[in-house]
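Number of protein chains: 2
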Amino acid sequence: MTPLRKDAARNFDRIVAVARELVDQGTPLQLNDVARRAGLGVGTVYRHFATTEALLETIATPCLETLTAHGHHALTADNPWHALRTFLERTVEAQVTDPAMVKVVASTTDALPHTTELKHQLQALGKALFARARDAGHVRTTVHDGDIVPLMCGIAYAVHLHGHPTHDRVTTAHRYLDTLLEGLHAS
Amino acid sequence: MTPLRKDAARNFDRIVAVARELVDQGTPLQLNDVARRAGLGVGTVYRHFATTEALLETIATPCLETLTAHGHHALTADNPWHALRTFLERTVEAQVTDPAMVKVVASTTDALPHTTELKHQLQALGKALFARARDAGHVRTTVHDGDIVPLMCGIAYAVHLHGHPTHDRVTTAHRYLDTLLEGLHAS
DNA sequence: CAACAAACGGATAGCTCATCCGGATGTGCT
DNA sequence: AGCACATCCGGATGAGCTATCCGTTTGTTG
Numbered sequence: 107m108t109p110l111r112k113d114a115a116r117n118f119d120r121i122v123a124v125a126r127e128l129v130d131q132g133t134p135l136q137l138n139d140v141a142r143r144a145g146l147g148v149g150t151v152y153r154h155f156a157t158t159e160a161l162l163e164t165i166a167t168p169c170l171e172t173l174t175a176h177g178h179h180a181l182t183a184d185n186p187w188h189a190l191r192t193f194l195e196r197t198v199e200a201q202v203t204d205p206a207m208v209k210v211v212a213s214t215t216d217a218l219p220h221t222t223e224l225k226h227q228l229q230a231l232g233k234a235l236f237a238r239a240r241d242a243g244h245v246r247t248t249v250h251d252g253d254i255v256p257l258m259c260g261i262a263y264a265v266h267l268h269g270h271p272t273h274d275r276v277t278t279a280h281r282y283l284d285t286l287l288e289g290l291h292a293s
Numbered sequence: 107m108t109p110l111r112k113d114a115a116r117n118f119d120r121i122v123a124v125a126r127e128l129v130d131q132g133t134p135l136q137l138n139d140v141a142r143r144a145g146l147g148v149g150t151v152y153r154h155f156a157t158t159e160a161l162l163e164t165i166a167t168p169c170l171e172t173l174t175a176h177g178h179h180a181l182t183a184d185n186p187w188h189a190l191r192t193f194l195e196r197t198v199e200a201q202v203t204d205p206a207m208v209k210v211v212a213s214t215t216d217a218l219p220h221t222t223e224l225k226h227q228l229q230a231l232g233k234a235l236f237a238r239a240r241d242a243g244h245v246r247t248t249v250h251d252g253d254i255v256p257l258m259c260g261i262a263y264a265v266h267l268h269g270h271p272t273h274d275r276v277t278t279a280h281r282y283l284d285t286l287l288e289g290l291h292a293s
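One line per chain: the protein sequences are H and G, in this order.
Quick note on this note's numbering: the first sequence kicks off at 107 and runs consecutively.
Quick note on this note's numbering: the second sequence kicks off at 107 and runs consecutively.
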């Protein structure tokens with residue numbers, strides 16, 4: 107794949123910057139709108155991102171990468187239960203803090219192959235960390251390993267229903283997660 | 107308010123029937139679409155239901171009423187913990203079974219006053235049943251009473267992410283709820 | 001400084017939502 | 001029954017958004 111032309115790269119960055127701003131302030135992402143705000147033609151935006159979702163995924167990628175990196179690291183940690191716990195904490199924090207993460211992690215339609223790969227990794231990490239904690243006898247066996255990621259999304263969703271400012275959301279998310287973990291933990 | 111004219115009542119029922127069917131089979135609710143399928147003009151539909159949400163709320167009302175009725179009944183039950191538990195079970199079951207319930211209970215925008223009232227009742231019932239269980243010493247005190255309904259919505263949401271058929275969804279929902287309740291329950 | 005590929009821009013077609021009002025229809029009164 | 005009025009119907013229509021297409025402009029390479 108030949109490198110991008112200079113102007114194309116500049117426009118790409120502009121689009122991402124504008125989109126990041128819009129997402130952060132909760133404005134719904136509309137490609138025509140992004141184009142106008144970035145001072146670009148609609149065609150330009152659509153060439154870089156075939157769909158709103160593709161743009162959203164690009165926005166969320168850095169955060170997703172950080173999260174999966176942490177997950178891989180957690181796999182080698184000493185205490186399996188603690189490793190699972192912090193991984194889940196990071197996961198909900200990310201979703202509650204960044205509106206893009208919620209939509210990307212929850213969405214089933216895949217726009218960008220790279221992001222899809224990351225999502226699968228995240229799912230796999232959830233399963234693996236869970237399995238490790240379970241095999242160490244730290245976890246109730248009624249729960250399935252595939253339940254982990256959906257449950258995190260559920261918590262994030264529940265927090266968003268409250269509609270409070272970011273900081274409160276993190277607190278609430280921790281409270282929800284703590285309750286769930288208490289139920290998860292082998293007594 | 108004067109009673110509806112005979113034709114108006116008939117059309118109202120047709121619209122509701124068509125909408126119910128669409129919602130049940132997962133088709134997105136679109137008023138123009140409903141009009142076409144009901145063999146009515148668009149204007150007719152819009153006169154009865156100013157917005158998609160209003161129609162959705164009408165669809166969900168019976169289920170909501172059943173749920174709040176059960177909640178009121180549970181308030182007088184012997185065992186506060188058991189009362190809370192079954193109320194929450196009914197709540198998630200309703201949301202997982204009926205697509206309309208999810209959207210209505212979760213939505214913050216209020217279209218119909220009656221439904222809004224019911225939603226507030228549901229919220230209040232969650233709080234009251236929780237408080238009763240807590241005062242009886244059955245519940246960990248880290249959880250807030252306002253967390254109850256959002257958490258139920260979160261579970262319903264998590265279940266829907268799995269995308270499985272109705273019966274499996276109920277099973278999954280129970281598993282999630284059990285885990286959460288385990289964490290809620292005073293040890 | 002060509003000459004070519006790559007990228008741009010915005011007019012525009014397609015689609016859904018929601019409104020508006022001339023015409024049709026049910027209802028009550030005589 | 002027949003009339004008059006309020007109520008209700010229907011669909012043409014405009015506004016708003018998405019996404020495409022292609023003539024024009026710009027960067028790059030030798």
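Beta carbons: idealized from backbone N, C-alpha and C, even for Gly.
Listed as beta-bridge partners of valine 245 (chain G) by DSSP are G:His291. Here leucine 173 (chain G) is near arginine 196 (chain G), since their CB atoms are less than 8 Å apart. Rounded to whole angstroms, the gap between the alpha carbons of proline 205 (chain G) and glutamate 127 (chain G) is 11 Å. With the rule of 3 Cβ pairs closer than 8 Å, the region 219-233 of chain G does not count as touching the region 266-279 of chain G.
Boundaries for aspartate 251 (chain G): no alpha helix (DSSP H) harbours it, and the DSSP string shows neither H nor E there. When 8 Å is used as the limit between beta carbons, valine 249 (chain H) is near these residues of chain G: Arg281 and Thr285, in chain order.
Contact between the region 118-134 of chain G and the region 146-156 of chain G is established, with three or more Cβ pairs separated by less than 8 Å. For the set G:Met258, G:Asn185, G:Pro134 and G:Ser213, the Cα lying nearest the Cα of glycine 232 (chain G) is the one of G:Met258. Here the region 275-285 of chain H makes contact with the region 237-257 of chain G; the two share three or more CB pairs at distances below 8 Å. Membership of leucine 190 (chain H) in the alpha helix (DSSP H) is indicated by the continuous run 186-203. For aspartate 216 (chain H), there is no enclosing alpha helix (DSSP H), since its DSSP letter is neither H nor E. In terms of Cα proximity to histidine 291 (chain G), the closest of G:Ala114, G:Ala262 and G:Thr247 is G:Thr247. With a threshold of 16 other beta carbon atoms within 10 Å, proline 109 (chain H) falls short and is exposed. Distance check between leucine 162 (chain H) and each of H:Arg142, H:Leu146 and H:Ser213 places H:Ser213 closest, using alpha-carbon atoms only.
Using a Cβ-Cβ cut-off of 9 Å, threonine 172 (chain G) is close to nothing in chain H; its nearest Cβ partner there is about 22 Å away. Annotation: valine 148 (chain H) to aspartate 139 (chain H) spans about 9 Å, alpha carbon to alpha carbon. Using a Cβ distance threshold of 8 Å, valine 129 (chain H) and isoleucine 165 (chain H) count as a contacting pair. For threonine 150 (chain G), the enclosing alpha helix (DSSP H) begins and ends at 148-154. CA-CA distance, leucine 146 (chain H) to glutamine 136 (chain H), rounds to 14 Å. For histidine 176 (chain G), the enclosing alpha helix (DSSP H) has its first and last residue at 158-180. Here phenylalanine 236 (chain G) is not near leucine 170 (chain G), since their CB atoms are 8 Å or more apart.
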